[in-house]
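Protein chains in written order, with the numbering used here: chain F, 1397 to 2019; chain R, 6 to 261.
Comments concern the structure below.
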């Protein structure tokens, strides 16, 4: 049973990580917890989880069609696991959709607000209905354990054929409609994948993938519980897959030739290489492998073949779902680790439920041994912790929940804190102003520099008034430039150097020199900079008190400094009125006449926190 | 009546007053460069932006308000729709956040509030509320050089063509938005190529929603057809099994 228990342990760990990410995603929003952006609004969660998940769950309708419609009785052992997988697969799809949707609590809107033109509307309805049908198809299995629901069970069993038929019809629709989703994007999807018969291709590949998924699942679960493999049944599935893959390949290639895109396959671009890889892995190689006489009964061939089809077809879904659009959008989206973890976590949860179901219900003809049902064993100390964690089933639960909680905590710790706290503001490093008498300040405005006549300002204000602007120096420095402390263009930064203050080479301070005794050592219990550095002139004491030691972004700092002084000067005389115009500092490429005609006002459209002259009551620096 | 906007690139001086006016009218918050924003300056808080191009060319980017909008056709709940006056508007109360509109837009216009835990799609709404009141959109109203003007789409097309005719050699002989993807309500007149406003693929003059329409029309047939095929297959197989069983019995009885 160790194999099962260790697998579960790993699955619980992944689930723990995923839970942390999902929690953060709902608190902070999608932007800072994923790499999704305005150019790539659909990422891994749609391409892999939703598109791939629905395709992976195709095993349910394929196997029921074989068993109930085509009356191939020998496939009976595969039917219940396949239907269960399909059901869990659809639950996983819905769950990942809930994580991906911006407003998941509005998902029921699809029921009342209709837009039948939208393929997504149709996919949504089909997935909803099919999940219910799958529930009805599978529920007789768990209901078997409860005798008082026998009537319901009999009722469900009676209409099973109807459910199966409905399930096949619904699956046909949405498996193909997932392809229709992309018909409207000829401008994004690379031509090798774009096709008017994309829905048909999606349906055929879903059938192939469904067959292989049933085979793979049989192989894995029997390996996990060390049961005798269903080699002959799997071999039959492999044989059937050869035909489906053959049809898929022909449809795809003929379509490409008819559209005149055949030369694109071998033109050497990354898309063409991806296409060749995808078709080889998903279709050509497995089909050839299975087609050799006797090969499909070889267990190693079954393993490799089924895994290849699964990976290849998933790659196809990911390609269509966004990967090959990157060429057109010019974006460089790669999923953040959070996205990958959530995808894996959802699969893990579904697998855990699957394992639970086969241990507790008659999914297989013979239930596998549960840990609880093991014969009595004397207490065994855990290898790692050297403690007795209880009887086998208790120790299993203890370990699993511990793994979940620890990984949840790790996940929380690993969240991209910089993104979360700056709310995704791009952290652009400031470049130092260059020049001597005239300083050239790059305000990140497409390399349009602000020409700052430094020498002229000195002569105007007076030689002894450097501190009007230069309010703070680095230790041992006389004229620290703005960019030394205001290092970030748009985000506030911390400028207190804690380690220097505690180091022997620095101020050599003890904790209680700054932090109040008996309080947590954080910014709230600490002294202000100005309590010790009484001679320093801080730019704006209010700012320091409000967000302890956080200093303004470069843009805000310079605007504060220049605009407030300019505004004061502008009020003094009519000649200086246009000192408050943006164009005074930010020269545009317009001629002077043109710029003067526009009648600028100070209303900066772009930047935050600029304190405008009207709202500023008094300035501490002027005293 | 279908209204629109005509932007003449040769007249734009890049003063950004349209951007500021748009922010003011729609009470959009101040904006900072975020990790999810991309090059063209549009964002959830910037519904229009001005792109600098070489030689003092300024190109204003905004929603094109297509005659047959792809975004509205793909929205599963109909949160986006084209109003009678021609504006493509968004109903945040219906939206469920699937972002299919962002995927489907051939001009890459709709933006998302990625930083918001309760995010909505944001884009230019052609100031439809101001138009209904009898006013102009904020951007055309404030433009100091009349580079961007508001009017009925038909009139604007006439004006554009007249300008091309009256100033030979000044413009490229094309009104952007006249025919692309079935035509757009926002038109451009220019002396530089404006194809960068859309994806670098010839979009054609066929409206994009038509591409899905054929697939969507065949949905009921596929549904019923698959059911019929499956039932028929089942009937044939059952009948065959029955026959073979009877044959077997007959054989057995014959053998006896």
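Beta carbons are placed, not taken as given, at the ideal position from N, Cα and C, and that holds for glycine.
With residue i and residue j assumed to form a contact (beta carbons below 8 Å), what rounded beta-carbon distance in angstroms separates them?
i: residue 1948 of chain F; j: residue 1888 of chain F; result: 6 Å
i: residue 1698 of chain F; j: residue 1647 of chain F; result: That pair is no contact at about 25 Å.
i: residue 224 of chain R; j: residue 1613 of chain F; result: Actually they are not in contact, since the Cβ atoms of residue 224 of chain R and residue 1613 of chain F sit about 30 Å apart, beyond 8 Å.
Do residue i and residue j have their C-beta atoms within less than 7 Å of each other?
i: residue 1800 of chain F; j: residue 1521 of chain F; result: no
i: residue 153 of chain R; j: residue 10 of chain R; result: yes
i: residue 233 of chain R; j: residue 212 of chain R; result: no
i: residue 217 of chain R; j: residue 1573 of chain F; result: no
i: residue 115 of chain R; j: residue 1425 of chain F; result: no
i: residue 1562 of chain F; j: residue 1529 of chain F; result: yes
i: residue 1428 of chain F; j: residue 1820 of chain F; result: yes
i: residue 1645 of chain F; j: residue 1700 of chain F; result: no
i: residue 1458 of chain F; j: residue 1642 of chain F; result: no
i: residue 83 of chain R; j: residue 8 of chain R; result: no
i: residue 99 of chain R; j: residue 1962 of chain F; result: no
i: residue 62 of chain R; j: residue 197 of chain R; result: yes
i: residue 1808 of chain F; j: residue 1416 of chain F; result: yes
i: residue 1476 of chain F; j: residue 1537 of chain F; result: yes
i: residue 1837 of chain F; j: residue 1846 of chain F; result: yes
i: residue 27 of chain R; j: residue 189 of chain R; result: no
i: residue 1588 of chain F; j: residue 1671 of chain F; result: yes
i: residue 1366 of chain F; j: residue 1431 of chain F; result: One cannot answer for residue 1366 of chain F here, as it falls past the ends of chain F, which runs 1397 to 2019.
i: residue 105 of chain R; j: residue 79 of chain R; result: yes
i: residue 66 of chain R; j: residue 45 of chain R; result: yes
i: residue 1385 of chain F; j: residue 248 of chain R; result: What is shown of chain F runs 1397 to 2019, which leaves residue 1385 of chain F out entirely.
i: residue 1545 of chain F; j: residue 1539 of chain F; result: yes
Could you spell out where the beta strand (DSSP E) holding residue i opens and where it closes?
i: residue 1849 of chain F; result: 1845-1849
i: residue 1547 of chain F; result: That residue, residue 1547 of chain F, is in no beta strand (DSSP E); its alpha helix (DSSP H) goes 1546-1554.
i: residue 54 of chain R; result: 54-58
i: residue 13 of chain R; result: 8-13
i: residue 62 of chain R; result: 62-66
i: residue 1836 of chain F; result: 1834-1838
i: residue 191 of chain R; result: 191-194
i: residue 87 of chain R; result: 85-87
Apart from the five residues on each side of it in sequence, which residues of its chain come closer than 7 Å, Cβ to Cβ, to residue i?
i: residue 1484 of chain F; result: 1746, 1749, 1750
i: residue 1849 of chain F; result: 1834
i: residue 165 of chain R; result: 11, 180, 192, 194
i: residue 2018 of chain F; result: Confidence in residue 2018 of chain F is poor, its pLDDT being 33 and thus under 50, which makes the residue's placement too unreliable to answer from.
i: residue 1495 of chain F; result: 1418, 1421, 1441, 1738
i: residue 21 of chain R; result: 55
Using a Cβ-Cβ cut-off of 6 Å (strictly less than) and excluding sequence neighbours within five positions of residue i, which residues of its own chain qualify?
i: residue 181 of chain R; result: 193, 199
i: residue 1802 of chain F; result: none
i: residue 1682 of chain F; result: 1701, 1704, 1705
i: residue 1412 of chain F; result: 1800, 1803, 1804
i: residue 74 of chain R; result: 87, 93
i: residue 1925 of chain F; result: none
i: residue 97 of chain R; result: 125
Go through its chain and collect everything with a Cβ distance to residue i's Cβ below 8 Å, but skip five positions before and after it.
i: residue 1523 of chain F; result: 1450, 1486, 1489, 1490, 1570
i: residue 1492 of chain F; result: 1441, 1445, 1446, 1449, 1738, 1739, 1742
i: residue 2024 of chain F; result: Look at the range of chain F in this structure, 1397 to 2019, and you will see that residue 2024 of chain F is not part of it.
i: residue 1814 of chain F; result: 1823
i: residue 1942 of chain F; result: Confidence at residue 1942 of chain F is low in this model, with a pLDDT of 49, below 50, so the placement of that residue should be treated as unreliable; the coordinate-derived value is given next. So the list is empty, once near-sequence residues are dropped.
Return the first residue and the last residue of the alpha helix (DSSP H) that residue i is part of.
i: residue 1703 of chain F; result: 1695-1717
i: residue 163 of chain R; result: 158-171
i: residue 1751 of chain F; result: 1733-1756
i: residue 70 of chain R; result: Note, residue 70 of chain R: premise wrong, no alpha helix (DSSP H); not H, not E.
i: residue 105 of chain R; result: 105-109
| query | Which residues, taken in chain order from the segment 1436-1454 of chain F, show a beta carbon closer than 7 Å to some beta carbon of chain R? | reply | Near chain R, meaning a CB-to-CB distance below 7 Å, the residues of the segment 1436-1454 of chain F are 1437, 1438.
| Cβ-based contacts, 9 Å cut-off: residues of the segment 1625-1652 of chain F near chain R | none
| chain R contacts from the segment 1490-1505 of chain F (Cβ-Cβ distance under 9 Å) | 1493, 1496, 1497, 1498, 1499, 1500, 1501, 1502, 1503, 1504, 1505
| Using Cβ-Cβ distances below 8 Å, what residues of the segment 140-154 of chain R are close to chain F? | Look at the segment 140-154 of chain R: the residues with a C-beta under 8 Å from a C-beta of chain F are 149.
| task | Identify each residue in the segment 95-106 of chain R for which the Cβ-Cβ distance to at least one residue of chain F is less than 7 Å, and report them in chain order. | result | 99, 100, 101, 102, 103, 104, 105
| request: Quick one: which residues of the segment 1901-1931 of chain F get their C-beta closer than 9 Å to a C-beta of chain R? List them in chain order. | output: none
| request: Scan the segment 107-138 of chain R for residues whose Cβ lies nearer than 9 Å to a Cβ of chain F and list them as they occur along the chain. | output: 107, 108, 109, 111, 113, 115, 116, 117, 118, 119, 120, 121, 122, 123, 124, 125, 126
| task | Taking a Cβ distance cut-off of 8 Å, strictly less, list which residues of the segment 181-205 of chain R are near chain F, in chain order. | result | 203, 204, 205
| task | Closer than 8 Å, Cβ to Cβ, to anything on chain R: give me those residues from the segment 1791-1816 of chain F, in chain order. | result | 1815
| message | Please list, in chain order, the residues of the segment 1822-1834 of chain F that have any C-beta partner in chain R closer than 9 Å. | response | 1822, 1823, 1824
| request: Check distances from the C-beta atoms of the segment 1706-1725 of chain F to those of chain R and list, in chain order, the residues that come in under 8 Å. | output: 1724, 1725
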